[in-house]
Amino acid sequence: MCLASKYPDAIPLKDIKSESIVEALLLTFSRFGFPREVSCDLGSCFTSNLTSTFLEKFGIKVRHSSVHHPESNPIERFHRTVKRLLKVICLENARDWEKNLPAALLALRTVDHDTTGFSPSELVHGRNLRTPERLLFEKWAEPEEENSLVTEYVFELLNRFQKYKELAMEKASAEQIKRKTWYDKKAISREFKIGDQVLILATHKPNKFAVNWVGPGVIDQKLSDTNYIVKRLDKKEKSQIYHINMLKPYYKRAERVNLLLTDKRDLEVEENDLEIDYPETHHTEINLEEIIQASELEGHATEEDLKKLRKVLNQHREVFSNEPGKTDLIEHDIELISDKPIRCKPYRTSPRQNEILRAEIKKMLDLGVIEIGESDYVSPMILVETIGREPRPCIDYRKLNAITKPQYFPLPNIEERVERVAAANYISVLDLTKGYWQLPLTKRAQRYAGFATNFGCYIPKTMPFGLVSAPFTFSKFMAELLKGCEDFCVPYLDDVAIF
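Start counting the sequence shown at 1; every next residue gets the next number (the UniProt record's numbering).
Right under this line is the structure:
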């Protein structure tokens, strides 16, 4: 597309290899001549050695648009318009879109453009193309043919070009000011310095719940007020150009501090206070500032209230732990409807994934939630990796769940729980540390829940994630644990709301 006249052209290709791109460019240049500058995206077919050498030999300057910022290249808007036209034409006529492409291009070349006020054909040829409507008009009106000398026609054409150019530039300038005014109403002036850490907007997400920002990256170079070269810290790929709208500042979280409690303090208990049996813990990892920041209390509470909260959290720090406890009130059992053992081979994993699994297995062994062993029931362990989150090991219990006798306990209704809590003035939310791992398994369930990796077999000692009846057992346990507290305490799996 010509950026000045908005004249479009399209050539259907079987592939987008560099050879095909060069042949298509030669065909286009044979019609309109060699341009001084070409604007394109960062596709491999445009950045390859063949394409770069071809354009350099003919003295053509290449300008690449920034990553995932189509506003800098009008060809993206042209693609959407062509697709809509082809969709309509293909529904009415043949379904071969490449045969209907000339008709779509004719429509785009003869219609007035909003930016220039003229059709692309008028700015390129000096007059509009003869469309079917024009042919029908000539058939009805039968206008007289104008006989003029060649020199008169050439001078008239040059004057027409000059007039079209002035009017188009005036219209484009007015349209540009209008669009800039509307865009700047919500625009905020931002700037990054070299060395600043930033997050990058993720345009391609595996699902709607995936994180929108990836990174962090470091500003390596400033190209203009809106374009920056960013070097990713989490990838080994080369630096890329990003528009400032794709970036936002990255703020590093406060580092966690491990606290070692070596003595028990006798706290003064007032008359109306409840006595809490603190669990026995060894290393408690908490960060009071992170708790306050995650709760977004700084914008709602005063500094005096935050001081009181810090005092309460520090006074009862024994109840906060990153290590799961263990209850003796209930055990999760598994009953099968078939005696045929389940034996599944471990899934194939890469060396990098094996290292992650080894580290997670070591943590589970240190916490005492699993042990090394053998069983005639073996399910494979997999590593689930999602963008923006740490890799999470999971056990594929689908075959075991298929032969498990289902248990039932009414799961809490989240909407009903929210309605009850919403009327409260103050709400405290507790998140249990790995709640499933705090429920032990029976000996029979440990045998059935065995799992394997590429480097060994293991037996769970506590309830793992993935068992079909695990949510019912945990909901039953929480209901029994908080029995009598329903008026001010509402559980939903491992989350507890106190109001």
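Idealized CB from N, CA, C, for every residue including glycine.
Local Cβ density within 10 Å of residue 109, reported as buried at 16 or more and exposed below that: Counting Cβ neighbours within 10 Å, residue 109 comes out buried, since at least 16 surround it.
Distance CB(residue 450)-CB(residue 377) smaller than 8 Å: The Cβ-Cβ distance between residue 450 and residue 377 falls below 8 Å.
Among 125, 418, 232, 32, the one whose alpha carbon lies nearest that of residue 491: Among 125, 418, 232, 32, the Cα nearest to that of residue 491 belongs to 418.
Residue burial classification, residue 13 (beta-carbon count within 10 angstroms, cutoff 16): It counts as exposed.
Contacting residues, own chain, Cβ-Cβ under 6 Å from residue 331 (five flanking each side not counted): Only 440, 442 meet the Cβ criterion.
Whole beta strand (DSSP E) elements within the UniProt domain "Integrase catalytic" (1-128), 3-residue minimum: Counting whole runs of 3 or more residues, the UniProt domain "Integrase catalytic" (1-128) contains the beta strand (DSSP E) stretches 37-40, 61-64.
Per-residue DSSP class, three states only, for residue 462: Here residue 462 sits in strand by DSSP.
Same chain, Cβ closer than 7 Å to residue 374, neighbours up to 5 away in sequence not counted: Correct list, in chain order: 457.
Simplified DSSP assignment, three categories, for residue 173: When DSSP states are grouped into helix, strand and coil, residue 173 belongs to the helix group.
Nearest residue (CA-CA) to residue 514, options 461, 350, 321: Examination of residue 514 is not possible in this model, given that the chain is present from 1 through 499 alone.
Residue 333 beta carbon less than 8 Å from that of residue 402: Their beta carbons are not under 8 Å apart, which means residue 402 does not touch residue 333 by this criterion.
Beta-carbon proximity check, residue 123 vs residue 39, cutoff 8 Å: With a cutoff of 8 Å on beta-carbon distance, residue 123 and residue 39 are scored as not near each other.
Check whether residue 393 and residue 360 have beta carbons under 8 Å apart: Remark: C-beta atoms of residue 393 and residue 360 approach each other more closely than 8 Å.
Length of the line joining the Cα atoms of residue 281 and residue 321: Note that residue 281 has pLDDT 48, beneath the 50 cutoff, so the model's placement of it is unreliable and no number is given.
Same chain, Cβ closer than 8 Å to residue 86, five either side skipped, listed in chain order: Take residue 86, set aside five residues on each side of it, and the residues of its chain with a beta-carbon closer than 8 Å to its own are 97, 100, 101, 104, in chain order.
Validate contact between the region 425-440 and the region 484-498 using beta carbons, cut 8 Å, 3 pairs: At 8 Å Cβ cutoff, the stretches touch.
Exposed unless 16 or more other CB atoms sit within 10 angstroms - verdict on residue 437: That one is buried.
Reference residue 422; option with closest CA among 58, 343, 498: Residue 498 is the option with its Cα nearest to residue 422.
Terminal residues of the beta strand (DSSP E) in which residue 536 lies: Since the first residue of the chain shown is 1 and the last is 499, residue 536 is not available in this structure.
Validate contact between the region 336-343 and the region 470-485 using beta carbons, cut 8 Å, 3 pairs: Flag = no, the region 336-343 and the region 470-485 do not touch.
Nearest residue (CA-CA) to residue 470, options 489, 459, 408: Nearest C-alpha to residue 470 among 489, 459, 408: 408.
Reduced DSSP secondary structure (H/G/I, E/B, other) of residue 181: Here residue 181 sits in helix by DSSP.
Same chain only: Cβ atoms within 6 Å of residue 434, ignoring 5 sequence neighbours per side: Result list for residue 434: 324, in chain order.
Validate contact between the region 181-189 and the region 40-55 using beta carbons, cut 8 Å, 3 pairs: At 8 Å Cβ cutoff, the stretches do not touch.
DSSP-derived helix/strand/coil call for residue 496: Residue state, collapsed to three classes: strand.
Boundaries of the alpha helix (DSSP H) in which residue 442 is found, first to last residue: In the DSSP assignment, residue 442 falls outside any alpha helix (DSSP H), carrying neither H nor E.
Local conformation of residue 217 per DSSP, three classes: Collapsing the DSSP output to three states places residue 217 in a strand.
Own chain partners of residue 16 with C-beta closer than 6 Å, once the 5 adjacent residues on each side are dropped: Excluding positions up to five away in sequence, the list reads 45.
Under 8 Å between C-beta atoms of residue 34 and residue 60: Against a cut-off of 8 Å, the Cβ pair of residue 60 and residue 34 comes out as a contact.
Integer Cβ distance of residue 24 from residue 115, believed to fall under 8 Å: So it is not a contact: roughly 26 Å between Cβ atoms.
For residue 397, the three-state DSSP class (helix, strand or coil): Three-state result, residue 397: coil.
Residues near residue 58 by beta carbon distance below 6 Å, same chain, minus five either side: Beyond the five residues adjoining it in sequence on each side, residue 58 comes within less than 6 Å, by CB distance, of 34 in the same chain, given in chain order.
Three-state secondary structure assigned by DSSP to residue 389: When DSSP states are grouped into helix, strand and coil, residue 389 belongs to the coil group.
Reduced DSSP category for residue 402 - H, G, I as helix; E, B as strand; rest coil: Helix, per DSSP.
Cβ pair residue 218, residue 197 closer than 8 Å: Note that the C-beta distance between residue 218 and residue 197 is below 8 Å.
Per DSSP, the bridge partner or partners of residue 342: DSSP lists no partner for residue 342.
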